[in-house]
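Residue numbers (our numbering): 145 to 459.
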């Protein structure tokens with residue numbers, strides 16, 4: 145299905161929980177989630193699958209499961225297996241911090257997950273602890289290894305680029321692609337939620353990666369990411385620039401939050417209620433959401449207009 149600006153909308157990012165087993169500084173408050181969703185507020189397995197089933201009738205072919213941390217959801221394997229069985233869905237992906245992958249990677253593969261994005265903002269143990277507040281780098285590295293052992297290919301490692309925090313590791317992260325068939329994805333920090341009032345120096349352009357790694361050469365565009373490679377490298381580098389180089393004209397996605405609200409745009413306060421709906425009624429609301437997508441996001445006074453933190457939207 146096309147939206148009102150002739151963009152083909154075929155990608156749904158579905159949050160299954162607002163809970164997380166970390167407290168990343170740019171995503172969540174230090175003392176955890178305030179106003180946690182109750183069990184009855186969160187989409188049930190059946191509701192989540194029904195949303196995807198009706199979205200597929202509207203042209204959605206790719207689904208990404210997010211959170212919070214989706215692997216803390218007790219029904220995540222059921223959600224994965226049921227969504228992967230929907231004929232129109234050609235790709236099922238999942239974004240995770242990797243902590244639980246050591247014990248769940250094989251089950252996720254068996255449940256029909258095609259690809260993983262794993263968040264890892266630093267390669268330094270002490271810095272990892274500071275960024276995540278309660279996480280350990282070792283667990284995430286073991287999760288990446290388990291994912292590979294389970295047979296996952298084309299693994300993408302997400303790095304939120306933060307000036308003065310992890311930008312000194314750009315070259316080290318890029319160099320991971322020399323010996324590993326991974327895509328290191330650098331993502332610009334967005335003025336949203338916990339970091340909305342951070343010092344402006346933390347918000348640096350993705351162009352900084354190219355300045356510090358001049359050996360990177362452009363290869364292609366993959367959705368919202370510009371893909372680069374080092375000569376002879378097994379892997380690649382993806383640059384995602386929602387702030388410095390807006391990709392709104394090519395946006396192909398809608399988002400649904402864990403409490404069943406469709407967000408036509410990440411940075412908009414607009415939401416459409418879906419929870420509890422089924423069949424054509426639900427499909428028509430999804431169509432309304434697609435037709436509500438704005439031409440581009442507006443960062444008023446450089447701040448997102450979204451009323452939610454990222455953990456309550458779906459990363």
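Every residue gets a Cβ at the ideal spot worked out from N, C-alpha and C, and that includes glycine. Just so you know, these numbers come straight off a predicted model, no measurement behind them.
Whole-number beta carbon distance between residue j and residue i, since they are thought to touch under 8 Å
i: residue 192; j: residue 245; result: The Cβ separation is near 21 Å, so there is no contact.
i: residue 302; j: residue 349; result: In fact, because the Cβ distance is near 17 Å, the residues do not count as touching under 8 Å.
i: residue 221; j: residue 255; result: 5 Å
Beta-carbon spacing of residue i, residue j below 8 Å
i: residue 383; j: residue 347; result: no
i: residue 277; j: residue 208; result: no
i: residue 426; j: residue 405; result: no
i: residue 306; j: residue 333; result: yes
i: residue 223; j: residue 200; result: no
i: residue 288; j: residue 299; result: yes
i: residue 151; j: residue 396; result: yes
i: residue 398; j: residue 148; result: no
i: residue 145; j: residue 212; result: no
i: residue 325; j: residue 267; result: no
Cα-Cα separation, residue i to residue j
i: residue 242; j: residue 328; result: 15 Å
i: residue 532; j: residue 370; result: Outside the displayed range of the chain (145 to 459) lies residue 532, so it cannot be described from this structure.
i: residue 258; j: residue 379; result: 18 Å
i: residue 118; j: residue 240; result: Nothing can be reported for residue 118, as the shown portion of the chain is limited to 145 through 459.
i: residue 164; j: residue 430; result: 27 Å
i: residue 198; j: residue 247; result: 32 Å
i: residue 436; j: residue 403; result: 19 Å
i: residue 295; j: residue 253; result: 8 Å
i: residue 400; j: residue 388; result: 25 Å
i: residue 282; j: residue 275; result: 14 Å
i: residue 366; j: residue 188; result: 32 Å
i: residue 377; j: residue 265; result: 21 Å
i: residue 409; j: residue 154; result: 14 Å
i: residue 174; j: residue 339; result: 12 Å
i: residue 261; j: residue 214; result: 12 Å
i: residue 251; j: residue 293; result: 12 Å
i: residue 229; j: residue 184; result: 26 Å
i: residue 407; j: residue 413; result: 8 Å
i: residue 434; j: residue 424; result: 15 Å
i: residue 342; j: residue 358; result: 29 Å
i: residue 249; j: residue 356; result: 34 Å
Residues of its chain near residue i, where Cβ-Cβ distance is below 8 Å and the 5 sequence neighbours each way are ignored
i: residue 363; result: 371, 372, 373 and 380
i: residue 216; result: 161, 163, 164, 165 and 244
i: residue 368; result: 384, 386, 391, 394 and 395
i: residue 360; result: 318, 353, 354, 372, 373, 374 and 381
i: residue 210; result: 157, 158, 159, 160, 238, 239, 458 and 459
Sequence-distant residues of the same chain with beta carbon closer than 6 Å to residue i, five excluded per side
i: residue 286; result: 246
i: residue 219; result: 189
i: residue 270; result: none
Residues near residue i by beta carbon distance below 7 Å, same chain, minus five either side
i: residue 432; result: 416
i: residue 308; result: 345 and 346
i: residue 311; result: 305, 348 and 352
i: residue 236; result: 207, 224, 227, 228, 256, 257 and 258
So does the stretch 157 to 177 actually touch the stretch 387 to 396, counting three or more Cβ pairs closer than 8 Å?
no
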